[in-house]
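Just below is one structure, and these are the notes that go with it.
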Amino acid sequence: MRALLSKNQNRQIDIVDYLVQANGWVHIDELAKTFKVSTRAIKIDLAFLRDKIDGLDILFSTNGVRIELPQNLSTEVVYPYYYSHSICYEILEQLFLHEETTVTEMTQKLFITTSTLNRYIQKINTSLKKKFDFQISKKNLQFIGNEQDIRFFFVQYFAEKTGFFEWPFDFVDEASLEKILVDLFKSSNFPQSFEGYRVFKMIFTVNFFRSYQGHFVQNFESKDKFYDYYNQLDGLDEIVEQFVKETGIMVTPEILEQSFSIFLQPHFFLTVE
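Read left to right, the sequence shown gives residues 109 to 381 (the numbering used here).
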């Protein structure tokens, strides 16, 4: 997911990971040698990380430098900052959440020219095709390609960009959606943990949103399994009806099937790691 970040940004993230793994003092010279840059560049990176990344405690002494993280945080604490300060990822997120965005609207939002936007899109597409079977159309800024890959990409993106208690989807109220999710999660085979629920919710919401926009995946193998599963959940129809009243978002059985069927597929492999 870091492929669209700059060389300097990726190095800064790698420095954090290196220091966390070291779990002790590391000399600046060692970092400079490891990352093949000057000690001055390392000092600039460390100062930047200390000033910009919340929750990252960077300590300096005659022994070198070390990083301390609270027990509930990992090196991924740095990702939200970089994703939020990348034009490429801003373009991707804007087009996911607001697929009707035009070229003119995008250039005005980013304060760039059309030619510059095209260069960013070319960079995005070049990166995407290495791992994913979808692209951004330069003509109308629509995602074109494999729908399952589109969903998988944005599940990864939002999972890495957002914190545990952040909700990036302003198109739907989190509390209202959770009334549907809790029963589905408890009755699923997904890991029954806080992080398991967070990943489950992210997958469901991305699938739900894409389906609501009219983008579907052919789930022939799991469609019948879903409807059998759905019919066994007492009271879910009433919960869905209440959700529609609260949000104004129409939820059809097909949208629910598209949102949840991936969890019933035998080859489903996305884990909480």
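All C-beta atoms, glycine included, are put in the ideal place defined by N, C-alpha and C.
With respect to the C-alpha of arginine 306, the residue from Phe272, Ile258, His323 having the closest C-alpha is Phe272.
Ser319 is the residue among Asn339, Ser319, Gln326, Leu344 whose C-alpha sits nearest the C-alpha of isoleucine 363. Rounded to whole angstroms, the gap between the alpha carbons of isoleucine 347 and glutamine 366 is 18 angstroms.
DSSP, read as helix, strand or coil, puts valine 134 in strand. Here serine 192 carries a helix assignment [DSSP, helix/strand/coil]. Distance from the CA of alanine 149 to the CA of aspartate 165, rounded to the nearest whole angstrom, comes to 19 angstroms. Taken in chain order, the complete beta strand (DSSP E) segments of 3 residues or longer contained in the region 184-258 are 242-244, 251-253.
In this structure, phenylalanine 260 keeps its C-beta atom at 8 angstroms or more from the C-beta atom of leucine 203.
Separation of phenylalanine 368 and aspartate 257 (C-alpha to C-alpha, rounded to the nearest whole angstrom) is 16 angstroms. For threonine 215, the closest of Asn116, Asp281, Leu205, Asn226 by C-alpha to C-alpha distance is Asn226. Residue nearest to tyrosine 191 within the set Lys269, Gln120, Ser223, Ile220 is Lys269 (criterion: CA-CA distance).
Check the Cα spacing between leucine 112 and each of Val280, Ile370, Lys238, Lys217: the tightest is with Lys238.
Leucine 236 has its alpha-carbon roughly 39 angstroms from the corresponding atom of lysine 353.
Between phenylalanine 308 and phenylalanine 298, the alpha-carbon positions lie close to 7 angstroms from each other. At the C-beta level, aspartate 153 and isoleucine 123 come within 8 angstroms of one another. Within the DSSP bridge table, the entry for serine 169 names Gly172 as partners. Between the alpha carbons of methionine 358 and aspartate 241 lies a distance of about 30 angstroms. Of the other Cβ atoms in all chains shown, fewer than 16 fall within 10 Å of the Cβ of valine 290; this residue is therefore exposed. Valine 280 is positioned such that its CB atom lies no closer than 8 angstroms to that of valine 314.
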